[in-house]
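Asker:
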Ligand code: NAD
Ligand code: SAH
């Protein structure tokens, strides 16, 4: 079936973006060299749902160079870059179903189109493909050997399905590989969230009070980089251990009700709905900025914002001004969707190179071993994590010490 993209004429601009990403994705380039020779995906149909921008396009091409037939869509209605999807679709080698600002119906249609190519392996980000394969399109599940999941919330959903004995095929928790979450969730989100907020608002971060909801892997990266930019950082948490970590890292920890009147910029990164709701919105300062870096558009309650507002006005790209009855103005970025991807290019290239190296190698592992795997949630094999780390060090020209035999014996001594 032909690709469905917004405007194929945008392809030259998208191709430049992909070339730039390719130049900096050293690990994926090495993997591609091997895939071109070994063709581990020869004749295998792959279905991908992940933010469709330049780095993802490069991943799709690398998988294709390994012999796969690749169909790809986005995983968020606002993160697809139309020039990139045009470039990827242009030569007809990869099938693309995605455009930016899709309606909920179009978004689901594009996911369904990918599934209708009958993929044997899937790459999911957030669980939408898996959701359809266990709901509306469950008749397509038997031909799926398995897949990989890119993000925290998607993995949580898979574990719930598995606990209920409903998961129909093996899924690898790529998010939980060390070479993924330690770098992508922390440093990737840390940089790209501020990139997105700064591009969108053109305001300074220094001197502002930034409230970060959630001190998980994403939250700590966002807080660390806000501190580095000169902000006063406040954390809200529900987990006592993570709250103490935030305190020991030098941040104030408050309840959201206490933080609401203090914050200039709020960033949610919890994966949970209703983190900022009416009771908080009523306490916010005039001019407060609200952004989400967690999951979908549910962490900041848009229904509550709309109910409290007398008017709503798009005053800059990706900035919506809500005027409340008492005259205060609140600003919601990127419709409450992932601010780093909807108003930026997402994580930096070198970070996605790590995550996507883990993805490519785990998909290869799945395809080679699918016969032996039962339905369930699997960890990425340790060797893949280690291999990606070592290849990254090599690419950086960094050498490690090695244990001598005496040191090894010393470590293994029982008494
Ligand atoms: P995590 O589990 O490490 O952290 C989430 C934290 O939020 C936990 O410490 C939890 O205790 C806390 N929390 C939960 N409910 C809360 C509440 N109501 N108030 C305050 N804190 C609360 O997860 P993570 O890896 O940091 O991912 C967080 C979310 O971001 C997930 O939805 C994930 O899918 C998404 N994510 C986004 C990006 C991105 O590019 N923007 C990147 C990676 C992950
Ligand atoms: N689909 C959901 C899930 C969150 S996506 C949603 O849109 O709300 C979070 C994931 O996006 C992260 O795990 C990260 O690996 C991925 N990501 C971040 N920057 C990216 C980029 N530039 N390209 C592709 N994926 C990216």
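Numbering (our numbering), first residue to last: 2 to 416. Each residue gets a CB set at the ideal place from its N, CA and C atoms; glycine is no exception.
May I have the straight-line CA-CA distance separating residue 272 from residue 414, to the nearest angstrom?
Answerer: Within the chain shown, the letter at position 271 stands for residue 272. Within the chain shown, the letter at position 413 stands for residue 414. In a straight line, the C-alpha of residue 272 is about 44 Å away from that of residue 414.
Asker: For residue 149 versus residue 115, is the C-beta spacing smaller than 7 Å?
Answerer: Your numbering for residue 149 matches position 148 in the chain shown. Your numbering for residue 115 matches position 114 in the chain shown. Contact: no.
Asker: Mapping the DSSP letters down to three states, classify residue 114 as helix, strand or coil.
Answerer: Indexing the chain shown from 1 puts residue 114 at position 113. Here residue 114 sits in helix by DSSP.
Asker: Alpha carbons only, please: which of 79, 47, 234, 129 is nearest the one belonging to residue 96?
Answerer: To locate residue 96, count along the chain shown from 1; it is residue 95. Closest option to residue 96, Cα to Cα, is 47.
Asker: In whole angstroms, what is the alpha-carbon distance linking residue 151 and residue 127?
Answerer: As a working note, residue 151 is residue 150 in the chain shown. As a working note, residue 127 is residue 126 in the chain shown. Cα to Cα, residue 151 sits roughly 7 Å from residue 127.
Asker: Does any heavy atom of ligand 1 sit closer than 6 Å to the C-beta of residue 238?
Answerer: Numbered from 1 along the chain shown, position 237 holds the residue referred to as residue 238. Yes, the beta carbon of residue 238 sits closer than 6 Å to at least one heavy atom of ligand 1.
Asker: Report back the beta-carbon spacing between residue 107 and residue 85 to the nearest angstrom; my notes put them in contact at under 8 Å.
Answerer: Taking the first residue of the chain shown as 1, we reach residue 107 at position 106. Taking the first residue of the chain shown as 1, we reach residue 85 at position 84. So it is not a contact: roughly 18 Å between Cβ atoms.
Asker: Tell me which same chain residues have a C-beta within less than 7 Å of the C-beta of residue 40, skipping the five on either side of it?
Answerer: In the chain shown, the residue the question calls residue 40 occupies position 39. Closer than 7 Å at the Cβ level, and outside the excluded window around residue 40, lie 67, 68.
Asker: According to the Cβ coordinates, are residue 173 and residue 332 closer than 7 Å?
Answerer: Within the chain shown, numbered from 1, the residue matching residue 173 stands at position 172. Within the chain shown, numbered from 1, the residue matching residue 332 stands at position 331. Against a cut-off of 7 Å, the Cβ pair of residue 332 and residue 173 comes out as no contact.
Asker: With C-beta atoms as the reference, is residue 236 less than 7 Å away from residue 254?
Answerer: Numbered from 1 along the chain shown, position 235 holds the residue referred to as residue 236. Numbered from 1 along the chain shown, position 253 holds the residue referred to as residue 254. Cβ distance < 7 Å, so residue 236 and residue 254 count as in contact.
Asker: Determine the contact status of residue 28 and residue 392, defining contact as a CB-CB distance below 7 Å.
Answerer: Translated into positions along the chain shown, residue 28 becomes position 27. Translated into positions along the chain shown, residue 392 becomes position 391. Contact flag set, yes.
Asker: Confirm the yes/no value for this check: CB of residue 296, any heavy atom of ligand 1, distance under 6 Å.
Answerer: The residue you call residue 296 lines up with position 295 of the chain shown. Indeed, a heavy atom of ligand 1 lies less than 6 Å from the Cβ.
Asker: Which residues does DSSP list as the beta-bridge partners of residue 172?
Answerer: Here the question's residue 172 lines up with position 171 in the chain shown. 148, 378.
Asker: Measure the CB-CB distance between residue 64 and residue 343 and report whether it falls below 7 Å.
Answerer: As a first step, residue 64 is located in the chain shown; it is residue number 63 there, counting from the start. As a first step, residue 343 is located in the chain shown; it is residue number 342 there, counting from the start. Going by C-beta atoms, residue 64 is not nearer than 7 Å to residue 343.
Asker: Taking buried to mean at least 16 other C-beta atoms within 10 Å of its own C-beta, is residue 193 buried or exposed?
Answerer: The residue given as residue 193 occupies position 192 in the chain shown. So residue 193 counts as buried.
Asker: Rounding to the nearest angstrom, what Cα-Cα distance links residue 398 and residue 372 in this structure?
Answerer: For the purposes of this step, residue 398 is taken as residue 397 along the chain shown, with counting starting at 1. For the purposes of this step, residue 372 is taken as residue 371 along the chain shown, with counting starting at 1. Roughly 38 Å separates the two Cα atoms.
Asker: At a cut-off of 6 Å, is residue 35 close to ligand 1 when judged by its beta-carbon and the heavy atoms of the ligand?
Answerer: Locating residue 35 in the chain shown gives position 34, counting from the first residue. Residue 35 Cβ: outside cutoff for every heavy atom of ligand 1.
Asker: Beta-carbon within less than 6 Å of residue 257's beta-carbon, same chain only, minus the 5 sequence neighbours each way: which residues are those?
Answerer: Here residue 257 is taken as the residue at index 256 of the chain shown, counted from 1. Excluding residues within five positions, the ones whose Cβ falls inside 6 Å are 237, 281.
Asker: So residue 125 is in the alpha helix (DSSP H); what residue range does that whole segment cover?
Answerer: Taking the first residue of the chain shown as 1, we reach residue 125 at position 124. Run containing residue 125: none in the alpha helix (DSSP H); it sits in the beta strand (DSSP E), 122-125.
Asker: Spatial neighbours of residue 293 within its chain, please: C-beta separation below 7 Å, excluding the five flanking residues on both sides.
Answerer: The residue given as residue 293 occupies position 292 in the chain shown. The answer, listed in chain order, is 269, 300, 301, 337, 338, 339, 340.
Asker: Does DSSP classify residue 165 as helix, strand or coil?
Answerer: As a position in the chain shown, residue 165 is number 164, starting the count at 1. Here residue 165 sits in coil by DSSP.
Asker: Which runs of the beta strand (DSSP E) at least 3 residues long sit entirely within the region 209-295? Give them in chain order.
Answerer: Segments of the beta strand (DSSP E) lying fully in the region 209-295: 210-214, 233-237, 266-269, 290-293.
Asker: Select from 320, 412, 186, 45 the residue whose C-alpha is nearest the C-alpha of residue 177.
Answerer: The sequence position of residue 177 within the chain shown is 176, counting from 1. Among 320, 412, 186, 45, the Cα nearest to that of residue 177 is on 186.
Asker: Taking the C-alpha atoms as reference points, what is the distance between residue 311 and residue 191?
Answerer: Indexing the chain shown from 1 puts residue 311 at position 310. Indexing the chain shown from 1 puts residue 191 at position 190. So the alpha carbons of these two residues sit roughly 34 Å apart.
Asker: Using alpha carbons as the reference points, say which of 245, 110, 50, 251 lies closest to residue 155.
Answerer: One-based indexing of the chain shown puts residue 155 at position 154. Nearest C-alpha to residue 155: 50.
Asker: Quick check: the Cα distance between residue 263 and residue 286, rounded to an integer number of angstroms?
Answerer: Translated into the one-based positions of the chain shown, residue 263 becomes position 262. Translated into the one-based positions of the chain shown, residue 286 becomes position 285. Taking the straight line from one Cα to the other gives about 7 Å.
Asker: Just to confirm the assignment, what range does the alpha helix (DSSP H) spanning residue 66 have?
Answerer: Locating residue 66 in the chain shown gives position 65, where the first residue counts as 1. 55-66 is the extent of the alpha helix (DSSP H) around residue 66.
Asker: Quick one: does the C-beta of residue 356 sit closer than 6 Å to a heavy atom of ligand 2?
Answerer: Within the chain shown, the letter at position 355 stands for residue 356. Because some heavy atom of ligand 2 lies under 6 Å away, the Cβ of residue 356 counts as near it: yes.
Asker: Taking only the alpha-carbon atoms, compute the straight-line gap between residue 266 and residue 330 and give it to the nearest angstrom.
Answerer: Counting from one through the chain shown, the residue named residue 266 turns up at place 265. Counting from one through the chain shown, the residue named residue 330 turns up at place 329. Their backbone Cα atoms lie some 13 Å apart in a straight line.
Asker: CA-CA distance, residue 319 and residue 168?
Answerer: The residue you call residue 319 lines up with position 318 of the chain shown. The residue you call residue 168 lines up with position 167 of the chain shown. For residue 319 and residue 168, the distance between alpha carbons rounds to 37 Å.
Asker: Using the three-state DSSP reduction, which class does residue 320 fall into: helix, strand or coil?
Answerer: For the purposes of this step, residue 320 is identified with residue 319 of the chain shown, where counting begins at 1. Looking at residue 320 - three-state DSSP - the assignment turns out to be strand.
Asker: What did DSSP end up calling residue 1 once you bin it into helix, strand or coil?
Answerer: Residue numbering for the chain in the displayed model covers 2 to 416; residue 1 lies beyond these limits and cannot be assessed.
Asker: Quick test of your reading: residue 323 and residue 313, contact by CB under 8 Å. State the CB separation rounded to the nearest angstrom.
Answerer: Position 322 of the chain shown, counted from the first residue, corresponds to residue 323. Position 312 of the chain shown, counted from the first residue, corresponds to residue 313. That pair is a contact at about 6 Å.
Asker: Tell me the residue span of the alpha helix (DSSP H) that contains residue 389.
Answerer: Start at 1 with the first residue of the chain shown, and residue 389 comes out as number 388. Counting along the chain, the alpha helix (DSSP H) containing residue 389 begins and ends at 383-397.
Asker: Residue 143: which of 170, 124, 284, 357 sits nearest, CA to CA?
Answerer: On the chain shown, position 142 is the one that residue 143 refers to. With distances taken between Cα atoms, residue 143 lies closest to 170.
Asker: What would DSSP say about residue 313, mapped onto helix, strand or coil?
Answerer: Within the chain shown, numbered from 1, the residue matching residue 313 stands at position 312. The answer is strand: DSSP assigns residue 313 an E or B state.
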